[in-house]
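Numbered according to the UniProt record's numbering, the sequence shown spans residues 1 to 417.
Quick reminder that beta carbons are idealized off the backbone N, C-alpha and C, glycines included.
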Amino acid sequence: MHTAAPSASPPSDRLPLRALLLLAVGVLVTVTAEALPAGLMPEMAADLSVSPEQIGALISIWAATVILTSLPLSTALARLDRRGVVGVALAVFAVANMVSGLVPDYSLVIVARLVGAVAHGVFWSVVMVYASSLLAPAHLGRGLAIVSAGGSAASAAALPAATLLAQMFGWRSAFLVLGAVALVLSILIIGTMPASHAVREARGRGRRRIWRDRTFLPVLVLGLSMGVLAAAQYASFTYIRPYLAAAGIAAEWAPAVLLSYGVAGLGGVVLAALIADRFPRASLAALLAGFGAAFAVLCLPGGGTPVVIAALILWGVSNGAVFPLVQTILMRVASERTKPFAGAGVVVLFNMGIAVGPVAGALVGGADAPSGVTALSAGAVVIAGVLAAVGVVIALRRDRPVGSVPGLRREKTSLSA
1 MHTAAPSASP PSDRLPLRAL LLLAVGVLVT VTAEALPAGL MPEMAADLSV SPEQIGALIS
61 IWAATVILTS LPLSTALARL DRRGVVGVAL AVFAVANMVS GLVPDYSLVI VARLVGAVAH
121 GVFWSVVMVY ASSLLAPAHL GRGLAIVSAG GSAASAAALP AATLLAQMFG WRSAFLVLGA
181 VALVLSILII GTMPASHAVR EARGRGRRRI WRDRTFLPVL VLGLSMGVLA AAQYASFTYI
241 RPYLAAAGIA AEWAPAVLLS YGVAGLGGVV LAALIADRFP RASLAALLAG FGAAFAVLCL
301 PGGGTPVVIA ALILWGVSNG AVFPLVQTIL MRVASERTKP FAGAGVVVLF NMGIAVGPVA
361 GALVGGADAP SGVTALSAGA VVIAGVLAAV GVVIALRRDR PVGSVPGLRR EKTSLSA
């Protein structure tokens with residue numbers, strides 16, 4: 001993956017906005033592709049002569065593939081240029097989506113989705129690590145929030161736009177456009193962005209198992225907190241339409257209510273950009289409290305439409321802000337050895353949460369008892385909060401010199417608060 005593009009250099013004190021925006025668009029297209037069959041379900045099912053459930057299974061297959069392949073592939077690719085890994089992953093992703101939009105048979109769509117999911121997992125396991133290598137410590141939180149904004153933009157704008165495109169020109173056009181955008185991105189990233197290699201450790205240390213690294217345990221525990229939080233999120237969000245109906249919100253108002261949630265998520269990303277570098281610990285505690293409060297309100301009967309909308313907005317803000325904030329903390333805590341795990345491991349744990357959440361929600365009543373699902377989510381947030389607190393405490397108390405975890409000890413520039 002060697003190219004003649006610019007070589008790596010120490011991060012500048014200036015925010016590399018152009019590079020971050022390119023990576024943010026990469027995040028947008030990958031997140032959009034993962035959930036795209038949900039927005040195109042009727043059109044895809046009719047054209048491919050399969051049931052809606054089989055189209056829905058394309059999302060489950062994607063998530064399962066990411067879970068199974070992200071960690072081993074990120075480990076195998078850890079010594080390669082991160083710029084090249086991100087660019088090639090997007091190129092493979094682009095081809096897979098174009099194939100999905102061209103093949104006539106459902107089984108071939110499955111094959112294309114499998115390839116796309118592998119590329120998605122590789123991209124996500126490296127993109128935050130690569131972005132962090134471009135950023136000066138003082139800009140880490142703001143920079144990762146910009147990259148993460150692509151995910152919120154996918155939910156708030158890209159998925160609805162893709163659905164509209166499919167209604168106008170057919171479902172295949174959405175996959176083809178998504179693939180074309182990803183291909184252009186891959187060329188721009190490989191051709192114009194700086195290289196970034198993992199720092200090679202001394203020979204003796206390099207042979208040490210990753211779990212013996214002092215940063216492995218806090219990274220793992222923080223990753224577990226994100227997995228539990230993802231389960232809480234998707235347990236309730238899967239049944240959000242039945243919840244809104246049970247709360248007395250008319251079906252014609254549901255899109256507007258959900259749009260307010262998506263816009264709040266974008267606001268959360270902006271909030272993360274403002275607070276992640278200065279008050280990471282206090283911000284994490286506040287956001288987890290926001291999650292818990294939102295779910296607690298939603299599981300109480302008789303709240304009324306204004307209360308439900310307010311809780312959804314609080315939920316959206318918390319959801320939009322927490323991922324870039326935790327990514328910032330992880331990139332500060334992790335050593336060079338554990339950074340690939342911090343990237344890929346969180347992707348795996350998050351997707352496991354996505355897979356487990358809807359099942360757990362169904363077990364407590366699902367669409368028939370959506371308030372029970374939000375109560376389950378509130379309890380899961382408490383567990384996530386405990387895990388996050390334990391992860392931060394371990395990071396602070398591991399046998400590292402005081403101040404060597406940037407952002408954990410000093411209030412205004414790191415993890416203190």
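- By the neighbour-count criterion, in which a residue is buried when 16 or more other Cβ atoms sit within 10 angstroms of its Cβ, GLU34 is buried.
- Three or more beta-carbon pairs drawn from the stretch 63-83 and the stretch 345-358 are found closer than 8 Å, and the two stretches are therefore classed as touching.
- Classified as exposed, PHE169 has fewer than 16 neighbouring CB atoms from the shown chains inside 10 Å of its CB.
- Rounded to whole angstroms, the Cβ separation of LEU387 and LEU224 is 5 Å, and the two are in contact under 8 Å.
- The residue among VAL307, SER318, ARG83 with its C-alpha nearest the C-alpha of ILE189 is ARG83.
- When DSSP states are grouped into helix, strand and coil, TYR239 belongs to the coil group.
- For ALA76, the number of other beta carbons within 10 angstroms of its own is below 16, and it is reported as exposed.
- Within the model, the alpha-carbon separation for THR338 versus ILE313 is close to 35 Å.
- Residues GLY262 of the same chain have their beta carbon placed closer than 6 Å to that of SER155, with the five preceding and five following residues left out of the count.
- Scanning the stretch 262-301 for uninterrupted alpha helix (DSSP H) segments of 4 residues or longer gives 280-298, listed from N- to C-terminal end.
- Every unbroken stretch of the alpha helix (DSSP H) spanning 4 or more residues and falling wholly within the stretch 144-212 is given here in chain order: 159-169, 171-192, 203-206.
- For TRP124, the enclosing alpha helix (DSSP H) stretches over residues 106-133.
- The residues SER173, ALA174, in chain order, have a CB closer than 6 Å to that of LEU165 in the same chain once the five nearest residues on each side in sequence are set aside.
- Only buried fits SER236, as 16 or more other CB atoms lie within 10 angstroms of its CB.
- Here ALA46 carries a helix assignment [DSSP, helix/strand/coil].
- A straight-line Cα-Cα distance of about 8 Å links SER377 and ALA231.
- The beta carbon of GLY101 lies closer than 6 Å to those of ARG172, PHE175, LEU176 in the same chain, with the five residues before and after it left out.
- Secondary structure at GLU336: coil, using DSSP grouped into helix, strand and coil.
- Taking C-alpha positions only, VAL25 is separated from ASP81 by approximately 20 Å.
- The Cβ-Cβ distance between ALA380 and LEU229 falls below 9 Å.
- For ALA64, the uninterrupted alpha helix (DSSP H) run begins and ends at 52-76, by DSSP.
- Taking all protein chains in view, the Cβ of VAL393 is surrounded by fewer than 16 other Cβ atoms within 10 Å, so the residue is classified as exposed.
- If you draw a 10 Å sphere on the C-beta of ALA19, you find 16 or more other C-beta atoms in it, and that means buried.
- The C-beta distance from PRO324 to ALA145 rounds to 4 Å, short enough to fall under 8 Å.
- Counting the other Cβ atoms within 10 Å of the Cβ of PRO42 gives fewer than 16, which makes it exposed.
- The three-state reading of DSSP puts ARG14 in coil, since its state is none of H, G, I, E or B.
- Ranked by Cα distance from PRO137, the first of PRO370, VAL333, VAL127 is VAL333.
- Going by beta carbons, VAL317 and GLY290 fall inside the 9 Å limit.
- The three-state reading of DSSP puts ASP368 in helix, counting H, G and I together.
- Its Cα nearest to that of VAL326, the residue PRO218 stands out among PRO218, HIS197, PRO37, ASP368.
- Taken through DSSP and simplified to helix, strand or coil, ALA254 comes out as helix.
- When rounded, the separation of the alpha-carbon atoms in MET193 and PRO160 is 30 Å.
- Using a C-beta cut-off of 8 Å, the stretch 117-126 makes no contact with the stretch 289-308, since fewer than three inter-stretch Cβ pairs fall below that distance.
- Here ALA342 is near MET128, since their CB atoms are less than 9 Å apart.
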